[in-house]
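All remarks here apply to the structure that follows.
Residue numbers (our numbering), protein chains in the order written: chain E, -12 to 240; chain S, 3 to 265.
Below you can see the structure in the form of structure tokens.
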């Protein structure tokens, strides 16, 4: 696998991206929806080109980033478990907060549940790190026991993917502050959409749902994005991350 | 904190049929029921699902005390969500109580009942089935029955086992910091949490080296000390979960209250 990067799942991924682009081009996007006075149908060709090239570029980038080593997996797992313990405390501690605040305002605390995704990706710097770390944290949160049961795990998956998309779009090359903030925003949008769909489908109107998603995004940017970036920098300064990709780029003292 | 983690490592072995089912089957049941309920917000579907779940409860092998301990937390989430919908929900139909801007109408009352029942019905199977699932069995089922990448599943399990050690480290850190005369403020606590995270990552990297030294992560076929089997009984359990989702959805459609949440 190390010497033949274009094998198996990656090849399928690239082929699927190209196929999706062709399908978008052939079927065409709907006329009805317009963005900035341009109907989506007029954007069919550029969007199809973007989907195809971005898909191939991302699969190529996952090959370049290399296989997960055991130390990468174990460190991501440890970060996930640490995140799960924080969740366990936060699930219980935030209940009065969540009850006191009315949605959409209650989205302001949602960022705490998103930080393992950004932290894992910043520390381990491998494709899939955001999804994996968030998934482990969510699974531990569910195992300890919370009010959401197994659906916590599905939440973790979606939140992790919200952050992962951003790291994929920068082709797993940039791990600075801007990427961290955007990843936090991506996870925030994901959880905001999921919450307003599952918990508040009838409580909030369209404007309320938009506000909920935007507040969740802001919370993700500040708590998950900025917080994880500061935490990664502090961890790198201690020298603990030396065996990992993020530790090798740390400043020499 | 330790109270929260109580019994995470060792779950009591239960003889109840549903408690002994393969964790992969439990995962499937909880997921299928949640998906069925997430699609709609209506009192009939959620009510029927909740009733069927309560009928299955005696076979889950939880004593009433333990049952209450693991499920009171769902009520904590469901009741406030219902009250919020009652007070702030989209108004519709005859006004029952009106106090200035706050109005409770027939529409908001029925959606409040629907939301509360829905959260209970989504939460209950997950909480009850997880309370009898041992993390080790879950990892075995994920890797062997669902064929998730075993390197990731086993590393997550190994990291989970660090939790007990980290609790001891926390004690050591607390005593060391007390000896040095640190206070108990928020800043000190955050500093101690950070120190614990550094220790956890250090232990993790050492653990990774040890695991690799024993041949973990090589591209050879893996054998398993604890085989996890998916029997015909587990198939029946999954079928039961599918049945709960189908019957409750059918009841909702039959009563005419079923409505797709996305539209």
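By construction, the Cβ of each residue, glycine as well, lies at the ideal position given by its N, Cα and C atoms.
Following the DSSP letters along the chain, one finds residue 133 of chain E in no alpha helix (DSSP H), marked with neither H nor E. At least one CB of chain E lies nearer than 8 Å to the CB of residue 214 of chain S. Closest in C-alpha terms to residue 244 of chain S, from the list S:33, S:191, S:88, S:71, comes S:33.
Taking 7 Å as the cut-off between beta carbons, none of the residues of the stretch 102 to 115 of chain E comes near chain S. In terms of Cβ geometry, residue 148 of chain S and residue 26 of chain S form a close pair [threshold 8 Å]. For the pair of segments examined, the stretch 87 to 106 of chain E was found not to touch the stretch 33 to 52 of chain E: the number of CB pairs separated by less than 8 Å stays below three.
For a Cβ distance threshold of 7 Å, residue set 57 of chain E lies close to residue 219 of chain S, ordered along the chain. Residues are counted here when their Cβ sits less than 9 Å from a Cβ of chain S; for the stretch 34 to 66 of chain E these are 55, 56, 57, 58, 59, 60, 61, 62, 63, 64, 65, 66, given in chain order.
Residue nearest to residue 207 of chain E within the set E:123, E:79, E:100 is E:100 (criterion: CA-CA distance). When Cβ-Cβ separations below 8 Å define contact, residue 239 of chain S makes no contact with chain E.
Residues of chain S with a Cβ closer than 8 Å to the Cβ of residue 221 of chain E are, in chain order, 196. Residues of chain S whose Cβ lies closer than 8 Å to the Cβ of residue 31 of chain E do not exist, since the nearest Cβ in that chain is about 24 Å away.
Burial is judged here by how many other beta carbons sit within 10 angstroms of a residue's own beta carbon; residue 146 of chain S has at least 16 and is buried. When only Cα atoms are considered, residue 82 of chain E and residue 13 of chain E end up about 49 Å apart.
Within its own chain, no residue has a Cβ closer than 7 Å to the Cβ of residue 138 of chain E once the five positions on either side in sequence are excluded. Per the DSSP secondary-structure output, residue 42 of chain S pairs in a beta bridge with S:262.
For the stretch 123 to 136 of chain E, the set of residues with a beta-carbon nearer than 9 Å to any beta-carbon of chain S comprises 123, 126, 127, 129, 130, 131, 132, 133, 134, 135, 136, in chain order. Nearest in C-alpha terms to residue 174 of chain E, of all of E:122, E:6, E:92, E:-2, is E:122. Each residue's CA atom was taken as its position, placing residue 117 of chain E and residue 107 of chain S some 44 Å apart. Across the structure, residue 51 of chain S and residue 44 of chain S are spaced so that their CA atoms are roughly 11 Å apart. Assigned with DSSP and collapsed to three states, residue 88 of chain E falls in coil, not helix or strand. Within chain E, no residue has its CB atom less than 9 Å from the CB of residue 118 of chain S, the nearest being about 12 Å off.
A Cβ-Cβ separation of about 6 Å places residue 231 of chain E in contact with residue 110 of chain E under the 8 Å criterion. Linking residue 198 of chain S to residue 158 of chain S through their CA atoms gives a straight-line distance of about 18 Å. Judged by DSSP in its simplified three-state form, residue 257 of chain S adopts helix. Across the structure, residue 134 of chain S and residue 64 of chain S are spaced so that their CA atoms are roughly 8 Å apart. When the Cα atoms are used, residue 214 of chain E and residue 106 of chain E turn out to be separated by approximately 9 Å. For residue 41 of chain E, the closest of E:227, E:209, E:74, E:0 by C-alpha to C-alpha distance is E:0. Shown here for residue 144 of chain E: same chain residues with a beta carbon closer than 8 Å to its own, the five before and five after excluded, namely 118, 121, 122, 125 in chain order. Membership of residue 60 of chain E in the alpha helix (DSSP H) is indicated by the continuous run 57 to 80. A contact is defined here as three or more CB-CB pairs under 8 Å, and the stretch 157 to 175 of chain S meets this definition with respect to the stretch 57 to 72 of chain E.
Excluding residues up to 5 positions away in sequence, 145 lie with their Cβ nearer than 6 Å to the Cβ of residue 181 of chain E in the same chain. By the neighbour-count criterion, in which a residue is buried when 16 or more other Cβ atoms sit within 10 angstroms of its Cβ, residue 116 of chain S is buried. With distances taken between CA atoms, residue 174 of chain S lies nearest to S:201 out of S:201, S:187, S:152. The contact set of residue 225 of chain E on chain S, defined by CB atoms closer than 7 Å, consists of 200 in chain order.
Residue contact with chain E for residue 107 of chain S: absent (no Cβ-Cβ distance below 8 Å to any residue of chain E).
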